[in-house]
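*Asks:* Structure incoming, see below.
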Amino acid sequence: MMRQAGRYLPEYLELLSQTDFFTVCKTPALACEITLQPYRRYPSLDSLIIFSDILVIPVAMGMDCRMEPKVGPQFDFALETPEDMEKLNLTPDVEATLSYVFDGIYWTRTQVKNEVPVIGFSGAPWTLMGYMVEGGAVRSFDRAKKWLYLYPEASRKLLAALRDIVVEYLVGQFDSGAPLLTVFDTNCGEIPPRLYEEFCVPDLKYIATEVKKRRPGALVSVFPKDGEMAVFEDSDFDVVGVSWTSSPAEARRSCPSKTLQGNLDPHLLYADPDQIRERTVQMVKEFGVPKYICNLGHGMVPTHPVEGPKAFMEGVDSVSCEDAPAPSQEEK
Numbered sequence: 241m242m243r244q245a246g247r248y249l250p251e252y253l254e255l256l257s258q259t260d261f262f263t264v265c266k267t268p269a270l271a272c273e274i275t276l277q278p279y280r281r282y283p284s285l286d287s288l289i290i291f292s293d294i295l296v297i298p299v300a301m302g303m304d305c306r307m308e309p310k311v312g313p314q315f316d317f318a319l320e321t322p323e324d325m326e327k328l329n330l331t332p333d334v335e336a337t338l339s340y341v342f343d344g345i346y347w348t349r350t351q352v353k354n355e356v357p358v359i360g361f362s363g364a365p366w367t368l369m370g371y372m373v374e375g376g377a378v379r380s381f382d383r384a385k386k387w388l389y390l391y392p393e394a395s396r397k398l399l400a401a402l403r404d405i406v407v408e409y410l411v412g413q414f415d416s417g418a419p420l421l422t423v424f425d426t427n428c429g430e431i432p433p434r435l436y437e438e439f440c441v442p443d444l445k446y447i448a449t450e451v452k453k454r455r456p457g458a459l460v461s462v463f464p465k466d467g468e469m470a471v472f473e474d475s476d477f478d479v480v481g482v483s484w485t486s487s488p489a490e491a492r493r494s495c496p497s498k499t500l501q502g503n504l505d506p507h508l509l510y511a512d513p514d515q516i517r518e519r520t521v522q523m524v525k526e527f528g529v530p531k532y533i534c535n536l537g538h539g540m541v542p543t544h545p546v547e548g549p550k551a552f553m554e555g556v557d558s559v560s561c562e563d564a565p566a567p568s569q570e571e572k
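Heads up, the sequence shown is in the numbering used here, so the first residue is 241 and it goes up one at a time.
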């Protein structure tokens with residue numbers, strides 16, 4: 241599940257009360273411990289997602305970040321104009337500056353004795369740029385959108401630098417033992433499709449192609465939250481994540497050759513267990529198999545009850561391949 245390790249778990253909150261968020265991210269033993277927490281609580285989990293944050297890349301580029309309670313991540317400065325890019329290292333030594341993530345993956349993999357795969361991830365260039373330009377978490381990314389119109393060349397330069405860092409970062413995670421790598425573009429729905437296809441899609445396709453060229457065994461996934469999925473049908477991504485705002489049939493039509501992942505509305509996890517199980521079974525049958533990975537349509541949130549994920553997994557486990565046949569040609 242997206243954000244399966246973290247804020248809704250009491251054991252996570254207890255650990256975090258003794259330190260701060262980014263110290264946890266930068267301490268492999270602590271990142272490993274938090275990664276394992278949901279696995280201990282929910283033994284039916286079939287994969288682990290390394291505990292980290294997409295903003296470790298801007299941190300590696302020279303932006304200090306702190307996690308403010310009830311506010312979210314805040315940088316020590318924002319990229320208000322292209323001149324502020326001079327404060328950044330656009331070509332950081334990824335192996336050195338992000339070694340703590342790689343070590344966390346290795347620690348986790350050895351703890352589970354390779355019996356459960358560890359999933360690595362990165363933010364997409366546009367999503368990372370949005371936080372960097374805004375200076376942290378905001379309700380709308382107005383300043384970042386302005387950059388695309390007002391500073392198109394500087395935007396391309398920053399996005400290209402982020403693209404290259406993401407490639408190195410994902411390759412490093414694969415080499416550390418993460419066979420599946422996900423690129424989260426959680427802010428892609430903030431801009432019109434034309435801008436997204438012009439500024440963002442080429443870099444995302446490059447990331448998938450380059451990672452798989454350098455590491456042919458890697459499986460690469462993209463999650464274009466609330467964005468156009470069809471643009472990734474012609475790409476080297478193996479998996480396309482589906483937001484909870486899209487229907488399974490729509491997703492199949494958009495990416496008929498891709499494995500799809502999603503897309504249970506995470507808010508459903510507030511409901512009673514029977515309702516969660518029933519809706520999960522319905523969703524799996526709507527997607528059909530093969531070429532489907534059951535997941536949420538976005539991440540867990542701090543107020544989710546711990547019983548919700550258990551009911552979700554029980555719903556998944558109750559469905560057999562015979563119950564969820566391959567989608568019909570009409571659905572495709």
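Every residue gets a Cβ at the ideal spot worked out from N, C-alpha and C, and that includes glycine. Source: prediction; values computed, not measured.
Pairing CB atoms from the region 369-386 with CB atoms from the region 316-326, are three or more of them under 8 Å?
*Replies:* Yes, the region 369-386 touches the region 316-326.
*Asks:* Taking A400 as the reference, give the member of P442, D382, T426 and P313 with the closest Cα.
*Replies:* Position 160 of the sequence shown, counted from the start, is the residue given in the question as residue 400. Of P442, D382, T426 and P313, the residue nearest in Cα terms is P442.
*Asks:* Within this structure, are the beta carbons of W366 and P268 separated by less than 7 Å?
*Replies:* Counted from its first residue, the sequence shown places residue 366 at position 126. Counted from its first residue, the sequence shown places residue 268 at position 28. No.
*Asks:* What number of angstroms, rounded off, separates the C-alpha of G312 from the C-alpha of N329?
*Replies:* The residue given as residue 312 occupies position 72 in the sequence shown. The residue given as residue 329 occupies position 89 in the sequence shown. Cα to Cα, the separation comes out at about 24 Å.
*Asks:* Could you tell me the distance, in whole angstroms, from the CA atom of K572 to the CA atom of R493?
*Replies:* If you number the sequence shown from 1, residue 572 lands on position 332. If you number the sequence shown from 1, residue 493 lands on position 253. Low local confidence applies: a pLDDT of 47 at K572 is under 50, so the model's placement there is unreliable, with the coordinate-based value given in what follows. If I take the Cα positions, the gap works out to 5 Å.
*Asks:* Measuring alpha carbon to alpha carbon, tell me which of R434, E437 and R403 ends up nearest I191.
*Replies:* Because the chain is modelled from 241 through 572, residue 191 falls outside the range shown and cannot be assessed.
*Asks:* Any chance you could list the alpha helix (DSSP H) runs of at least 4 consecutive residues sitting entirely within the region 498-544, in chain order?
*Replies:* If we require 4 residues or more, the alpha helix (DSSP H) runs fully inside the region 498-544 come out as 513-527.
*Asks:* At a cut of 8 Å, does the region 276-287 reach the region 334-345 through at least three beta carbon pairs?
*Replies:* Counting Cβ pairs under 8 Å, fewer than three are found: no touch.
*Asks:* Does the distance from the C-beta atom of G344 to that of C272 stay below 7 Å?
*Replies:* In the sequence shown, residue 344 corresponds to position 104, counting from 1. In the sequence shown, residue 272 corresponds to position 32, counting from 1. Contact: yes.
*Asks:* With H, G and I counted as helix, E and B as strand and the rest as coil, what does DSSP make of F477?
*Replies:* Translated into positions along the sequence shown, residue 477 becomes position 237. Coil.
*Asks:* Say whether the region 530-541 touches the region 471-484, bearing in mind that this needs 3 or more beta-carbon pairs closer than 8 Å, one atom from each stretch.
*Replies:* Yes, since at least three Cβ pairs between the region 530-541 and the region 471-484 fall closer than 8 Å, the two stretches touch.
*Asks:* For the beta strand (DSSP E) containing L420, name the first residue and the last one.
*Replies:* Locating residue 420 in the sequence shown gives position 180, counting from the first residue. L420 to D425 is the span of the beta strand (DSSP E), which, as asked, contains L420.
*Asks:* What residue ranges within the region 391-468 form continuous alpha helix (DSSP H) runs of no fewer than 4 residues, ordered along the chain?
*Replies:* Segments of the alpha helix (DSSP H) lying fully in the region 391-468: 392-416 and 441-454.
*Asks:* What residue does the alpha helix (DSSP H) around C272 start on, and which one ends it?
*Replies:* On the sequence shown, residue 272 is found 32 positions in, with the first residue counted as 1. P268 to R281 is the extent of the alpha helix (DSSP H) around C272.
*Asks:* Kindly indicate which residue of K397, A551, N354 and A470 has the alpha-carbon position closest to the one of V490.
*Replies:* The residue given as residue 490 occupies position 250 in the sequence shown. Rather than Val, the amino acid found at residue 490 in this sequence is Glu. Of the candidates K397, A551, N354 and A470, the one whose C-alpha sits nearest the C-alpha of E490 is A470.
*Asks:* So, F424 versus F472, is the Cβ gap smaller than 7 Å?
*Replies:* Numbered from 1 along the sequence shown, position 184 holds the residue referred to as residue 424. Numbered from 1 along the sequence shown, position 232 holds the residue referred to as residue 472. No, the pair does not count as a contact, with Cβ atoms beyond the cut-off.
*Asks:* Apply the 10 Å Cβ neighbour rule to P506 and answer buried if 16 or more other Cβ atoms are within range, or exposed otherwise.
*Replies:* Here residue 506 corresponds to residue number 266 of the sequence shown, with the count starting at 1. Buried is the call here.
*Asks:* Mind checking who P313 pairs with in its DSSP beta bridge?
*Replies:* Here residue 313 refers to the residue found at position 73 of the sequence shown. Its beta-bridge partners are M307.
*Asks:* Taking the straight line between their C-alpha atoms, what separation do you get for Q569 and G528?
*Replies:* Stepping through the sequence shown from its first residue, residue 569 is reached at position 329. Stepping through the sequence shown from its first residue, residue 528 is reached at position 288. In this prediction, Q569 scores a pLDDT of 48, lower than 50, which makes its location untrustworthy; the coordinate-derived value is nonetheless stated afterwards. Cα to Cα, Q569 sits roughly 12 Å from G528.
*Asks:* Which same chain residues end up closer than 6 Å to R247 when comparing Cβ atoms and leaving out the 5 residues on each side of it in sequence?
*Replies:* Looking up residue 247 in the sequence shown gives position 7. P542.
*Asks:* To which residues of the same chain is G457 closer than 8 Å at the C-beta, ignoring the five residues directly before and after it?
*Replies:* Within the sequence shown, numbered from 1, the residue matching residue 457 stands at position 217. Contacts found: F414 and P419.
*Asks:* Measure how close the beta-carbons of R517 and S558 come, nearest whole angstrom, since I'm counting them as under 8 Å.
*Replies:* Residue mapping note: residue 517 aligns to position 277 of the sequence shown, counting from 1. Residue mapping note: residue 558 aligns to position 318 of the sequence shown, counting from 1. Confirmed, Cβ separation roughly 7 Å.
*Asks:* Which of the three DSSP states, helix, strand or coil, is assigned to L288?
*Replies:* Translated into positions along the sequence shown, residue 288 becomes position 48. L288: strand per DSSP, three-state reduction.
*Asks:* Can you grab the Cα-Cα spacing for the pair S560 / F552, in whole Å?
*Replies:* Residue 560 sits at position 320 when you count from the first residue of the sequence shown. Residue 552 sits at position 312 when you count from the first residue of the sequence shown. Spanning the two alpha carbons is a distance of roughly 15 Å.
*Asks:* Exposed or buried, which one is P309 when buried takes at least 16 other CB atoms within 10 Å?
*Replies:* On the sequence shown, position 69 is the one that residue 309 refers to. Burial call: exposed.
*Asks:* Tell me which residues share the same chain as E251 and place their Cβ nearer than 7 Å to its Cβ, disregarding the 5 neighbours each side in the sequence.
*Replies:* In the sequence shown, residue 251 corresponds to position 11, counting from 1. Same-chain partners within the cutoff: Q277.
*Asks:* Just how far apart, CA to CA, sit G555 and M242?
*Replies:* For this step, residue 555 is matched to residue 315 along the sequence shown. For this step, residue 242 is matched to residue 2 along the sequence shown. Going from the Cα of G555 to the Cα of M242 covers about 17 Å.
*Asks:* Looking at the secondary structure, which residues open and close the beta strand (DSSP E) in which S362 lies?
*Replies:* Residue 362 sits at position 122 when you count from the first residue of the sequence shown. Element bounds for S362: V358 to G363.
*Asks:* Determine the closest residue to E450 out of P432, Y409, E547 and P433, with distance taken between C-alpha atoms.
*Replies:* The sequence position of residue 450 within the sequence shown is 210, counting from 1. Measuring from the Cα of E450, the nearest candidate turns out to be Y409.
*Asks:* Could you tell me which residues DSSP puts in a beta bridge with G376?
*Replies:* Locating residue 376 in the sequence shown gives position 136, where the first residue counts as 1. Answer is Q314, bridged to G376.
*Asks:* Roughly how many angstroms separate the alpha carbons of Q258 and I290, rounded to a whole number?
*Replies:* Looking up residue 258 in the sequence shown gives position 18. Looking up residue 290 in the sequence shown gives position 50. Whole-angstrom Cα-Cα distance: 20 Å.
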